[in-house]
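S.K.: What follows is a structure written as structure tokens; I'll ask about it next.
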Amino acid sequence: MILDSVQKRVTAVAGAATLLLVLAGCTGGGTASSSSTPVDGGTLVYASGDAEPTCLDPHVGGNYPQALLSSQYVEELTALDDGKPVPALAKSWTTSDDGKTLTFTLRDDVTFTDGTPFDATAVVANIEHVQDPATASSTGYLALQSITKATATDDHTVTLTLGRPDSALLESFSQPWVGMESPKALQRPQATNCESPVGTGPFEVTGWKHGDRVTLTKNAHYTPLAGSSTKPRLSGITWRFLPDSTSRYAALQSGQVDVIDNAQPDQLKAASSKSSIRDLDAPRPGASNRLELNSGHGVFRDEAVRKAFIAGAEIDPGIRSLFLGTAKRSYSVLSSVEPYAYSDKSLFGYSPTKAKKLLDDAGWKVGSDGIREKDGQQLTVTFPVSTNQSVPAERSLFQQIQASEKAVGFKVVLKELDLSSWYAALAANQYDVVSAPYTKVGADVLRILYDSASIEPAPSGYFANLAQLDDPELDDLLERAARTSDSSERGDLYEQAQKTILGSGTVLPLYDQQNHFLLRSSVHGVQTTAVSTPWFGTAWIDR
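Everything in the sequence shown is counted per the numbering used here, starting at 10 for the first residue and increasing by one.
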């Protein structure tokens, strides 16, 4: 079953509506059905192929595996309705005329699972925790950079002072990487909070057997979002880590697990004909899957060499053969779900003739082994690949690109690394090309990825501008887009910014970030969040 056949439901949230995708009893290839009657009890078993988080607190670091898990126990100040911010833990907000003061009015009926009240003091503590360098936040830290001070005006009012207007800030607050955690729990040593973060969500962390599973238990005192009376139906969730894709799919087929992520293309094709399995296709917001060419290091400091690499990359046949129709070629730096996404197919045609001419003109001569040379050095490109983030089909695509680049004279060195080693290679600037998915709600992800300020590392050590694009005119476009709340003006500025990025030769778009989840047909009521993670707060299982 594909996304078009998934039911959509509008759930009221504090007087507004937040659009959530709901899976309610549809069968493979069929249409959604709500015939199943909700039942209480049972433990859902989820099997993840993503890297096991090193910390369950999404403030620390800030990657997608953390978002998948923390969405079950951490909630946010805002939610999204058709891409627009709506209330969640915050009931309402106002923005000053100059755009530099944002005031939240908070719900007064919510508590954390350790009994601590959710109030203005808690919000201030969370913002300060994300911004504290000792927390080593990356995604959350970059999302909240505009905030210079957070003040508890009264018990349920928070005033944020901004260093600049930030039209994306309300969108940013819908993400789990800036979700609300118990201020009492945050006072514990970081290692302790990483093991058992405390939120307000429908489940709480009650155990973590490293290398195996995280145990989540129903929050019996959960306060549903306004407009909903549904409390958690599941008794709990067993969150297993099964890195082998074949084992995950076999466990799903046999009924040992109920939901898997990182489904492979052949599994998606096979599942489409099975009535016992459903496919939730939930494209991520933010950036597309793309290759970043490091313009601040090595051979790619030369724009001509970058553009030769782009022209020499044969991509389309690999996407067709390896992804079996489950992925569509992208010509944009933004995900197709982003309304401001701009594409330019003309920049990314495969042309070995063009690539060879560019390299000839740049002085790179073909050597005896076919690899080009200049000033005694070979045209070598180092390409570290995260085995945790790149699925087998994508790694095979990289190998095909490696072969097509060799035909024009590049020596592409693929280095498959685990996640921690991959991050270390990026931090040490030991890469020329990298595939670095980045999920963030809204087109402001462009500022995080391509503003020159993002060449400097966040406190975690991660820097987001992996293309090391340093263009004052682009910085100005992105800053102006962040300042304006006028949607038409924002759209125009983001289009200009994307034209600059795509034309720089620092980015090679591949396809949308793949985000498929396979569920057994006995699983119902699954919703998705602002960052396209499954949410099981209203889910139930027919056994």
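Beta carbons: idealized from backbone N, C-alpha and C, even for Gly.
Treat the numbers as computed from the prediction; the structure is a model and nothing was measured.
1. Any contact of the region 70-82 with the region 449-461, i.e. 3+ C-beta pairs under 8 Å?
2. Mapping the DSSP letters down to three states, classify glycine 1 as helix, strand or coil.
3. With a 10 Å radius around its C-beta and 16 neighbouring C-beta atoms as the bar for buried, classify histidine 533 as buried or exposed.
4. Is the separation between the beta-carbon of phenylalanine 357 and that of isoleucine 319 shorter than 9 Å?
5. Name the one or two DSSP bridge partners that valine 421 has.
6. Count the other CB atoms within 10 Å of the CB of threonine 162; is the residue buried (16 or more) or exposed (fewer)?
7. Should asparagine 72 and arginine 293 be called a contact, given that it needs their Cβ atoms to be closer than 9 Å?
8. Mind the definition here: the region 499-519 touches the region 261-273 only if three or more C-beta pairs lie below 8 Å; say whether that holds.
9. Give the C-beta separation of leucine 475 and asparagine 303 to the nearest angstrom, bearing in mind that I take them to be a contact with Cβ-Cβ under 8 Å.
10. With distances taken between CB atoms, is the gap from aspartate 288 to serine 281 smaller than 9 Å?
11. Based on DSSP bridge pairs, tell me the residues matched to glutamate 84.
12. Note down, in chain order, each residue of its chain lying with its Cβ closer than 6 Å to the Cβ of valine 421, except the 5 sequence neighbours on either side.
13. First and last residue of the alpha helix (DSSP H) that includes histidine 138?
14. Apply the 10 Å Cβ neighbour rule to arginine 116 and answer buried if 16 or more other Cβ atoms are within range, or exposed otherwise.
15. Look at leucine 333 and aspartate 275 and say whether their C-beta atoms are less than 9 Å apart.
16. Quick one: residues in its chain with C-beta nearer than 8 Å to the C-beta of tryptophan 217, no 5 flanking neighbours on either side, listed in chain order?
17. Rounded to whole angstroms, what's the CA-CA distance from proline 466 to threonine 239? Just pull it up for me.
18. For the alpha helix (DSSP H) that asparagine 554 lies in, which residues bound it at each end?
19. Where does the unbroken alpha helix (DSSP H) through tryptophan 431 begin, and where does it stop?
20. According to DSSP, what are the bridge partners of valine 443?
21. Indicate the three-state DSSP secondary structure (helix, strand or coil) for isoleucine 246 in the structure shown.
22. Answer yes or no: the CB of leucine 89 versus the heavy atoms of the ligand HEM, is any distance below 8 Å?
23. Below 8 Å on the Cβ atoms is my guess for valine 119 versus phenylalanine 127; work out the distance and round it to an integer in Å.
24. When you compare each of Val207, Leu234, Phe309, His138 to leucine 478 by their alpha carbons, which one comes out closest?
25. May I ask you to report which of helix, strand or coil DSSP gives isoleucine 269?
26. Aspartate 495: which of Thr125, Ala313, Ser176, His230 sits nearest, CA to CA?
27. Compute the distance between the beta-carbons of aspartate 453 and glutamate 180, then report whether it is under 9 Å.
28. In chain order, what residues of the same chain have a beta carbon less than 8 Å from the beta carbon of glutamine 522, not counting five sequence neighbours either side?
29. Considering Cα atoms alone, identify which of Asp353, Leu178, Leu277 is closest to alanine 336.
30. What number of angstroms, rounded off, separates the C-alpha of threonine 125 from the C-alpha of glycine 307?
31. Is the beta carbon of asparagine 397 closer than 9 Å to that of leucine 428?
32. Taking DSSP as the reference, what is the three-state secondary structure of valine 95?
33. Let me check understanding here. Comparing Cα to Cα, which of Arg529, Val132, Leu527 lies closest to serine 191?
34. On a Cα-Cα basis, can you pick out the residue from Thr247, Leu86, Asp59 that is closest to proline 74?
35. Return yes when the Cβ of tyrosine 503 is within less than 9 Å of the Cβ of glycine 470, no when it is not.
36. Counting C-beta neighbours from all protein chains within 10 Å, is the total for serine 284 16 or more, i.e. buried, or is it exposed?
M.R.: Taking the structure as given:
1. no
2. Beyond the ends of the chain as shown, which are 10 and 552, falls residue 1; an answer cannot be given.
3. Buried is the call here.
4. In contact: phenylalanine 357 and isoleucine 319 (Cβ atoms closer than 9 Å).
5. Bridge pairing for valine 421: Val390 [DSSP].
6. Exposure of threonine 162 is indicated by the presence of fewer than 16 other C-beta atoms within 10 angstroms of its C-beta.
7. no
8. Between the region 499-519 and the region 261-273 there are fewer than three C-beta pairs closer than 8 Å, too few to call the two in contact.
9. 7 Å
10. yes
11. Met189
12. Val390, Phe392, Gln411, Glu414
13. 129-140
14. By the neighbour-count rule (16 or more Cβ atoms within 10 Å), arginine 116 is buried.
15. yes
16. Leu65, Glu204, Ser205, Val223, Thr224
17. About 42 Å.
18. Nothing can be reported for residue 554: it is not among the residues displayed for the chain, which extend from 10 to 552.
19. Run containing tryptophan 431: 428-436, per the alpha helix (DSSP H) assignment.
20. Glu301
21. strand
22. The model on display carries no ligand, and the ligand HEM is accordingly not part of it.
23. Rounded, the Cβ-Cβ distance is 4 Å, consistent with contact.
24. Closest by alpha carbon: Phe309.
25. strand
26. Ser176
27. yes
28. Pro292, Arg293, Gly295, Ala296, Ser297, Asn298, Ser344, Pro446, Thr448
29. Leu277
30. 52 Å
31. yes
32. In the structure shown, valine 95 sits in a strand (DSSP, three-state: E or B).
33. Val132
34. For the residues Thr247, Leu86, Asp59, the minimum Cα distance to proline 74 belongs to Asp59.
35. no
36. Counting Cβ neighbours within 10 Å, serine 284 comes out exposed, since fewer than 16 surround it.
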